[in-house]
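Peer 1:
Protein chains in written order, with our numbering: chain A, 0 to 195; chain B, 5 to 537.
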């Protein structure tokens, strides 16, 4: 009797420990789940990426105008200058537009930057796509050099009718703190980020 | 308390270690229960002193006593100490003492694990409290540990993370033990639907612990690897998202609030029938209500973060799910009221605390409903209204239920009646002062005073002063509780086995104090039937 009971206790305890381990894993599973959720809903301004061909295939809607506002910021403590081409721009949905941002590293050393985009309102994020963006990869920022950073984007004509202004924000981070770009490589290199 | 229990040892004359070693190696559920309760009382006073510093600084506008960094570490540590150090271990202490006696078991199912789950705690809190003496100070970014702010913490950061890991391990071990005890150790005839509600609410709590604490452990581990090992779960620079942390944290955090309050429901369901001298109204609906609350607690987490930016559908879903919790909670409140209805009530200290619990917890529930409504929450978010709300449910809810339970079972545990006059004085001082302390915080919040700030605009001065005075009186009144407990342990009128005229249940069939080893042979099924009504 005593033995069967202690055996049962041990088995139940092991099962419950298994459940604990499972829930620990579930905490980690929330990370990819959240990414999928954000991608589907455009939550947190995660923007889409399109191939150039897909973008060209969109039917421009020349009767509609959408104002695109640009916001730039640099993480605190970094002596970088990061400028948008203008405060705002009026575009037609379905027409691919190219703009050029500018960043200068005013620190004494070479660094690597990574820009993270965000689109507001989040309901518009799904309909805002880029075919080319400096945010797709890490950027070598040689001290004092002016870097021209091109972006090509398109607004999907299916953008909800109540949205007439879309804000595109970029925040520049130091990607690998303390590291310099390898040999001043002229082409952007580095790890490709998901979902940008 | 050692005097009383040492006395039992003599009775049994077995070869148990004595002195400090007895407490270090004990596997007896009563000893471990006592250690949990004493530990939580110490933490209650440490966390309470932090609250006193907070109220002292907020007594007047301007910065008078402490610098803002220290103030912030006080609010952060007050929450961590009270939640993980005072309330959770206190419930585990009650569970240790009571569950084996309530279900007719000789001890907990896994006694050695039980010893471990207690002894992890002093280490966890040594780690946590030691951060206050480190360069850069203790954690000051809020108990919710939101990145990126928490990542700016200095040397204290890894200590905070590992302290949370230890606290979590302790409570998961406790939960596993309680589930194993209730599932495998019940006396023959003690069917699930005959369990006292305190046991029921604790099983549900234990499942909440096992399902939610590992998620918190995962979240803080991600913080740790983000800071030291180059991952970027929450760092936008590496493709992560700080808002993700809030989702993971509150997936743990909302079940956590029911971990703190569900055993309180069980206590109220034990005390109110005793002093109303009527059986509990709607036993099975109480069980189902507690289970529904537990289930709903897993699908409402984002109501803590309505303002971070969510699709409209999300805000609506979380609003409706949140407000839905009012239904099972309402069932409970109505059942307690119906239990008292036309009962022959007497108002001993445990009953006073239990009634105050029902009334004041309901006030906290109502302000919770207000906060649960998305459009209203945008105004109240991060104001003192939130502070008032969660202190009504946690202080006048969980802590009042703990006090009620302590007065209710102290005579059973110690064999002596506590000083009723002192107990009543403690009750009235606490109840009046706690309302003076927290009720004005509703007004402050509605007027727009933000939480977690050491200084405020002058228009908030009057109610802050009132609130602080209430705080000082409430803090001081708790010393009466300690005096009451110490007096009761040391002596007093002998308690009978049943202690209270209207008390029913297996623990009241044992002598007061109960023998060191109780129910070594299971109680007769007739006793179980007699204990239930």
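Just so you know, even glycine gets a beta-carbon here, dropped at the ideal spot from N, CA and C.
Since this is a predicted model, take the numbers as computed values, not measurements.
Starting from residue 124 (chain B), trace the beta strand (DSSP E) in both directions and tell me its first and last residue.
Peer 2: Here residue 124 (chain B) belongs to no beta strand (DSSP E); instead the alpha helix (DSSP H) covers 115 to 134.
Peer 1: Three Cβ pairs or more, each shorter than 8 Å: is that satisfied between the region 249 to 268 of chain B and the region 344 to 355 of chain B?
Peer 2: Because the criterion of three Cβ pairs below 8 Å is not met, the region 249 to 268 of chain B and the region 344 to 355 of chain B do not touch.
Peer 1: Counting only beta-carbon atoms, is residue 308 (chain B) nearer than 8 Å to chain A?
Peer 2: No, residue 308 (chain B) does not count as interfacial toward chain A.
Peer 1: Taking the C-alpha atoms as reference points, what is the distance between residue 231 (chain B) and residue 26 (chain A)?
Peer 2: If you take the alpha carbons of residue 231 (chain B) and residue 26 (chain A), they lie about 18 Å apart.
Peer 1: Which residue or residues does DSSP assign as beta-bridge partners of residue 88 (chain A)?
Peer 2: Per DSSP, A:67.
Peer 1: So, with DSSP's three-state summary, where would you put residue 69 (chain B)?
Peer 2: Residue 69 (chain B): coil per DSSP, three-state reduction.
Peer 1: Once you ignore the five residues that flank residue 528 (chain B) on each side, which residues in its own chain have a CB closer than 6 Å to its CB?
Peer 2: So no residue of the chain qualifies.
Peer 1: Measure how close the beta-carbons of residue 294 (chain B) and residue 208 (chain B) come, nearest whole angstrom, since I'm counting them as under 8 Å.
Peer 2: Right, the Cβ-Cβ distance comes to about 5 Å (below 8 Å), so this counts as a contact.
Peer 1: Buried or exposed: where does residue 482 (chain B) fall if 16 or more other Cβ atoms within 10 Å of its Cβ makes it buried?
Peer 2: Buried is the call here.
Peer 1: For the alpha helix (DSSP H) holding residue 81 (chain A), just list the boundary residues, first then last.
Peer 2: Careful: residue 81 (chain A) lies outside any alpha helix (DSSP H), inside the beta strand (DSSP E) at 79 to 82.
Peer 1: Report the three-state DSSP secondary structure of residue 156 (chain B) (helix, strand or coil).
Peer 2: Reduced to three states, the DSSP call for residue 156 (chain B) is helix.
Peer 1: Quick one: what does DSSP say residue 508 (chain B) is sitting in, helix, strand or coil?
Peer 2: Three-state result, residue 508 (chain B): coil.
Peer 1: Determine which residues share a DSSP beta bridge with residue 149 (chain A) and list them.
Peer 2: Per DSSP, A:99.
Peer 1: Please work out which residues of its chain come closer than 7 Å, Cβ to Cβ, to residue 417 (chain B), disregarding the five sequence neighbours upstream and downstream, and give them in chain order.
Peer 2: Answer for residue 417 (chain B): 101 and 517, listed in chain order.
Peer 1: Is the CB of residue 114 (chain B) under 8 Å away from at least one CB in chain A?
Peer 2: Taking Cβ atoms only, chain A reaches closer than 8 Å to residue 114 (chain B), which makes this a yes.
Peer 1: Hey, out of B:163, B:51 and B:307, whose CA is closest to residue 378 (chain B)'s CA?
Peer 2: Nearest of B:163, B:51 and B:307 to residue 378 (chain B), Cα basis: B:307.
Peer 1: Would you say residue 41 (chain B) and residue 77 (chain B) are within 8 Å of each other, going by their C-beta atoms?
Peer 2: No, the Cβ-Cβ distance between residue 41 (chain B) and residue 77 (chain B) is not below 8 Å.
Peer 1: Thinking just about the alpha-carbon of each residue, which of B:191, B:127, B:195 and B:91 is nearest to the one in residue 168 (chain B)?
Peer 2: Checking every option, the nearest Cα to that of residue 168 (chain B) belongs to B:127.
Peer 1: Just the C-alpha distance for residue 421 (chain B) and residue 405 (chain B), rounded to the nearest angstrom, thanks.
Peer 2: In a straight line, the C-alpha of residue 421 (chain B) is about 19 Å away from that of residue 405 (chain B).
Peer 1: My guess is that residue 478 (chain B) and residue 434 (chain B) are in contact by the Cβ rule of under 8 Å, so how many angstroms apart are they, rounded?
Peer 2: Correct: roughly 6 Å between the Cβ atoms.
Peer 1: Name the residue from B:249, B:30 and B:59 whose alpha carbon lies nearest to the alpha carbon of residue 456 (chain B).
Peer 2: Looking at the Cα atoms, B:59 is the closest of the given residues.
Peer 1: For residue 113 (chain A), which of helix, strand or coil comes out of DSSP?
Peer 2: Residue state, collapsed to three classes: strand.
Peer 1: To which residues does DSSP link residue 118 (chain A) through a beta bridge?
Peer 2: Note: residue 118 (chain A) sits in a beta bridge opposite A:167.
Peer 1: How far does the alpha helix (DSSP H) with residue 435 (chain B) in it reach, from first residue to last?
Peer 2: Element bounds for residue 435 (chain B): 424 to 450.
Peer 1: Considering only C-alpha positions, which residue in the set A:166, A:141, A:99 and A:14 is nearest to residue 225 (chain A)?
Peer 2: The first residue shown for chain A is 0 and the last is 195, placing residue 225 (chain A) beyond what the model contains.
Peer 1: Quick one: what's got a C-beta closer than 8 Å to residue 148 (chain A)'s C-beta in the same chain, skipping five residues either side?
Peer 2: Same-chain partners within the cutoff: 99, 100, 101, 102, 114, 133 and 138.
Peer 1: Quick check: is the beta carbon of residue 158 (chain A) nearer than 8 Å to any beta carbon in chain B?
Peer 2: So no, residue 158 (chain A) is outside the interface.
Peer 1: For a contact defined as C-beta to C-beta under 9 Å, what are the partners of residue 172 (chain A) on chain B?
Peer 2: Residues of chain B passing the Cβ test: 239, 240, 241 and 242.
Peer 1: The region 130 to 151 of chain A: which residues have C-beta closer than 7 Å to a C-beta of chain B, in chain order?
Peer 2: Correct list: empty, as no residue qualifies.
Peer 1: My guess is that residue 392 (chain B) and residue 442 (chain B) are in contact by the Cβ rule of under 8 Å, so how many angstroms apart are they, rounded?
Peer 2: That pair is a contact at about 5 Å.
Peer 1: Considering only residues of the same chain and omitting the five flanking positions on each side of residue 327 (chain B), which have a CB-CB separation below 6 Å?
Peer 2: Hits under 6 Å: 376.
Peer 1: Report yes or no: is there a C-beta of chain A within less than 8 Å of the C-beta of residue 176 (chain B)?
Peer 2: So, interface residue.
Peer 1: Just the C-alpha distance for residue 229 (chain B) and residue 74 (chain A), rounded to the nearest angstrom, thanks.
Peer 2: Their backbone Cα atoms lie some 21 Å apart in a straight line.
Peer 1: Identify, in the order they occur along the chain, each residue of the same chain with its Cβ nearer than 6 Å to the Cβ of residue 142 (chain B), setting aside the five sequence neighbours on each side.
Peer 2: These residues qualify, in order along the chain: 77, 81, 135, 136 and 160.
Peer 1: DSSP beta-bridge partners for residue 383 (chain B)?
Peer 2: The partner list for residue 383 (chain B) (beta bridge, DSSP) is empty, contrary to what the question assumes.
Peer 1: Please list the partners that residue 7 (chain A) has in chain B, where partner means a Cβ-to-Cβ separation under 9 Å.
Peer 2: By Cβ distance, chain B contributes 113, 184, 187 and 188.
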